[in-house]
Amino acid sequence: MKAIRRFTVRTSLPESISALSRLAANLRWSWHRPTEQLFRDLGPEAWEASGGDPVQVLGSLTREEIQQIAEDDELVRRIDALGRDLETYLSEPLWYQREHGRDGARSIAYFSAEYGITSVLPQYSGGLGILAGDHLKTASDMGVPVVGVGLLYQNGYFNQSLSRDGWQLEDYPVLDPQGLPLTLLREPDGSPARIWLPMPDGGRLGAQIWRADVGRVPLLLLDSQITENDDVFRGVTDRLYGGGGEHRLQQELLLGMGGIRALREFSRLTGAPDPEVFHCNEGHAGFAGIERIAELMSPGTDGGGGMSWLEALTAVRASTVFTTHTPVPAGIDRFEREMIERFFSTELAGPAPLEEILALGREDHDGGDGSRFNMAVMGLRLAQRANGVAKLHGAVSRQMFSGLWNGFDTDEVPISSVTNGVHVPTWIDPRMEALAVDRSQPDLRARWRAVAEVPDEQLWRVRAEMRADLVADVRRRLRASWKQRGAADAELSWTDSVLDPEVLTIGFARRVPTYKRLTLMLRDPQRLKRLLLDPVRPVQLVIAGKSHPADEMGKRMIQDLVRFTDDPEVRHRIVFLPNYDMSMARTLFPGCDVWLNNPLRPLEACGTSGMKAAINGGLNLSVLDGWWDELYDGQNGWAIPTADNRASDDERDSIEAAALYELIENHVAPRFYNEIHDAGADRVPHQWLAMVRHTLTTLGPSVSAARMVADYVEQLYLPAARAGRAASAADHAQARSTAAWVARVRQGWAGVRIEHVRTGGLHSEPQIGDAIEVTAYVRLGELSPEDVRVEVGFGRVSGSDHIHERKHQDLSEVQRTDSGDWAFTGSFTIDRSGPFGYTVRVLPDGDGLTTSAELGLVVSA
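See below:
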């Protein structure tokens, strides 16, 4: 019988245990082990059945069970203590208040298309969402006043299963927000708060706003599933990355522009401060900047006029941070110009001019014809501060977007980097945390030195326990997967002996785009079999991952791998687990001895899965890409060599697969097994554990999201807050003056040129230490010397006369010449031998600029 109406009944709790509601509603339980354990103990069966959801555990309790809890004095004291601990956590001064309470931003808005907080709230597909979730959790733990903004997807991403022949199948379960740890933002009269966006053809897209409390951080999730929307608009938030074209554009308009409107409603209804910094995590949220510009351009409530486009853009850029996660142009969202025109020809952006909006995202660099609207390009043009997510990715991003800054060397492109990190309390096993982390230490690096005092035998025992837990979890999941594939119980007795808790275990789990090369390990199937079945030093592999539903090649890779794992000869040594999610990951990462990563370099922006393994004492076996490129030191794992760039795709895969097999066979396995197999030894692999210990003490603090968030605060958020305040003070006086200056410089730049350069002090045989005087004669046209900086760049030169290891020196002595030009004079010192050279260039120089390259204007000799 089917219900004609569905609703959620909230559990009513006696006052003595009322703290349970607050504990269940705040997602801090997802990383606070004592709170998690409390709900596990309250209803073990409900906990397992719900996948670890405290809200559902409470909902499963009968009146009699609730009364029994309320009459259990010890349990009441436990609940009360955890409730008071949560209140203290939410209110006490933390790192941010102690270090930056006086000058830090009062509120920082963080926009992301997906968030991986917990598997109970499945609003993530992969690394981007997990990173966003870890960012919010860590901000909460450090007291950073972040407010998250995203979308609430009715179907989340998807549940993955396998057909009998190993093909990926997708299922989209409908989520009921009423049954999730969410509350609806409401007006004072109790009605749901709404935001609205004008759409083409007179339509309106509306959304309600759900709030998830991630510790101290409120996360606002916009939901278009409201009765006032028609079927099309209700479907905008149907599923994460569920459609392309117009559907995707509507999602990104709602996230960006709707997200700003949701923040304004949140501030109005709760009294929360308006954000001072706006951080867009990837280009999906880029339209947030358009909404803020439209706000500033709109006439004020007092009838006064708003700001001009350039004034508003200047003010918005000052307080905006943009993070790119994409190392290849193909991974960036692009829309046809005509589609953008159609949506912004409405009242959507208010007084913001359509042509200016189109110009922000126009692909008019690197030979682009301007017919495509690029979300990452818009993100960069709307933000005064931008970063990649690892040092190598920063370099790749500067190269990829260098066309936006013509005339500048790649290393001058204004994109910095903040290497990702992982939220340690979420991803570390409690047993390893007890050994490796001393949370009483205020210094992050000092916290991870505790493991130095742990005996090898104890460290090895904990690693073995975590591996055994993984083996048990794999057997359970594999059996369930085979039953979904149609196997009968009578066929599955073999799953009871899959994997061996004493065998070297290698993990590989991630999304399955082709560049991550899931099947590189299958390049030589017979050699892989020999590694798996080695009678003395066997290896076992646990593999998981989802392919995007539209990625047929990724699905084919999964099928090829599953067919290999189905082979009765090796299926006890290699498994593929479907439906990889955060719940599976919390057992998988601690249980693996080695974490494998073999992407095509440099296509891995960062890749945080290996970080989660590292904080549990796992060693990394990876291509030098993403974070591993900067943190591999020769003692914390192994680097898979990469093929020469001149190799074909097929040759490259063969070369790198052979290197992978060789490393496992001759380096990884011998290091793990040799001391275990030595006659008369204590069966503890001391050399292996030395690498584990080194990994924990060196990588632990480096891959921690606490380090990452501190970097964001100090390198990006604080400068953005200061710049934003300065730009907006006194009715945006600085933004207006900077905009006027920029407009004047751009208009006059065509008249700037270097007429000639004169050199003094350069001998026929120059030597280190010689001082060279340089005078550049510059025509400035309508500009003045105060508008520009003239500098000499010098250093070692290549055979093509390109200057490497470059330094710059201002030519700061200025005189007017009889011809009306300006003479800029200065000197530099030769500081190295060999081929040496210099050049001169002119750059804009204004107080509102963060870098010399910001405006993309330069004149070189």
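Counted the way full-length UniProt numbering counts, the sequence shown spans residues 1 to 861.
Backbone N, C-alpha and C define an ideal beta-carbon position, used for all residues, glycine too.
Asked: On the premise that residue 504 lies in contact with residue 512, defined as a C-beta separation below 8 Å, what is that separation, rounded to the nearest angstrom?; Found: Rounded, the Cβ-Cβ distance is 24 Å, inconsistent with contact.
Asked: Which partner residues of residue 280 appear in the DSSP bridge assignment?; Found: 111, 322
Asked: Are there 16 or more other CB atoms within 10 angstroms of the CB of residue 669, so buried, or fewer, so exposed?; Found: buried
Asked: Within this structure, are the beta carbons of residue 801 and residue 837 separated by less than 9 Å?; Found: yes
Asked: Could you check what DSSP says for residue 783 in three-state terms: helix, strand or coil?; Found: coil
Asked: Taking only the alpha-carbon atoms, compute the straight-line gap between residue 770 and residue 824 and give it to the nearest angstrom.; Found: 20 Å
Asked: Kindly indicate which residue of 52, 159, 162, 132 has the alpha-carbon position closest to the one of residue 148.; Found: 132
Asked: When the Cα atoms are used, what is the spatial distance from residue 916 to residue 212?; Found: Any property of residue 916 remains undetermined from this structure, which presents the chain solely from 1 to 861.
Asked: Nearest-angstrom Cα distance between residue 592 and residue 575?; Found: 13 Å
Asked: What is the DSSP secondary structure of residue 863, counted as helix, strand or coil?; Found: The shown model of the chain, from 1 to 861, leaves out residue 863, and the question about it has no answer.
Asked: Is residue 827 near the ligand PLP, going by C-beta to nearest heavy atom under 8 Å?; Found: By its list of ligands, the structure shown contains no ligand whatsoever, and the ligand PLP lies outside what it can speak to.
Asked: Cutting at 8 Å between CB atoms, please list the residues of its own chain near residue 101, excluding the five before and the five after it.; Found: 93
Asked: Cα-Cα, which of 650, 653, 705, 520 is closest to residue 609?; Found: 705
Asked: Between the C-alpha atoms of residue 733 and residue 747, what's the straight-line distance to the nearest angstrom?; Found: 21 Å
Asked: Pick out whichever of 266, 336, 219 has its Cα sitting closest to the Cα of residue 246.; Found: 336
Asked: My output table needs one value for residue 218: the three-state DSSP class, helix, strand or coil.; Found: strand
Asked: In the DSSP assignment, find the beta strand (DSSP E) that holds residue 622 and state where it starts and stops.; Found: 619–623
Asked: Just the C-alpha distance for residue 641 and residue 635, rounded to the nearest angstrom, thanks.; Found: 16 Å
Asked: Keeping to the same chain, check which residues put their C-beta closer than 6 Å to that of residue 126; ignore five residues upstream and five downstream.; Found: 511
Asked: Could you give the first and the last residue of the continuous alpha helix (DSSP H) run that contains residue 609?; Found: 609–614
Asked: Taking DSSP as the reference, what is the three-state secondary structure of residue 862?; Found: With the chain running from 1 to 861 in the structure shown, residue 862 is simply not present.
Asked: Given this structure, state the Cα-to-Cα distance separating residue 169 from residue 120, to the nearest angstrom.; Found: 21 Å
Asked: Can you tell me whether residue 237 is helix, strand or coil according to DSSP?; Found: helix
Asked: What are the partner residues of residue 373, as DSSP defines its beta bridges?; Found: 335, 362
Asked: Can you give me the C-alpha to C-alpha distance between residue 146 and residue 615, rounded to a whole angstrom?; Found: 25 Å
Asked: Compare the Cα-Cα distances from residue 832 to each of 805, 843, 816 and report the closest residue.; Found: 805
Asked: How many Å lie between residue 533 and residue 135 at the Cα?; Found: 41 Å
Asked: Given residue 692, which residues of its chain have a CB within under 6 Å of its CB, disregarding the five upstream and five downstream residues?; Found: 617
Asked: Measure the alpha-carbon distance for residue 855 versus residue 156 and round it to whole angstroms.; Found: 40 Å
Asked: When you compare each of 774, 209, 699 to residue 182 by their alpha carbons, which one comes out closest?; Found: 209
Asked: For residue 553, is the classification buried or exposed, using 16 other Cβ atoms within 10 angstroms of its Cβ as the cut-off for buried?; Found: exposed
Asked: Please confirm whether residue 720 has its beta-carbon closer than 9 Å to some beta-carbon of chain B.; Found: Among the protein chains of the structure shown there is no chain B, as only one such chain exists.
Asked: Can you tell me whether residue 562 is buried or exposed, with buried defined as 16 or more other CB within 10 angstroms of its CB?; Found: buried
Asked: With burial defined as no fewer than 16 other Cβ atoms inside 10 Å of the residue's Cβ, what is the status of residue 301: buried or exposed?; Found: The predicted model places residue 301 with a pLDDT of 48, which falls under 50 and marks its position as unreliable, so this point remains unresolved.
Asked: Between residue 150 and residue 220, is the Cβ-Cβ spacing less than 9 Å?; Found: yes
Asked: State the DSSP-derived secondary structure class of residue 789, mapped to helix, strand or coil.; Found: strand
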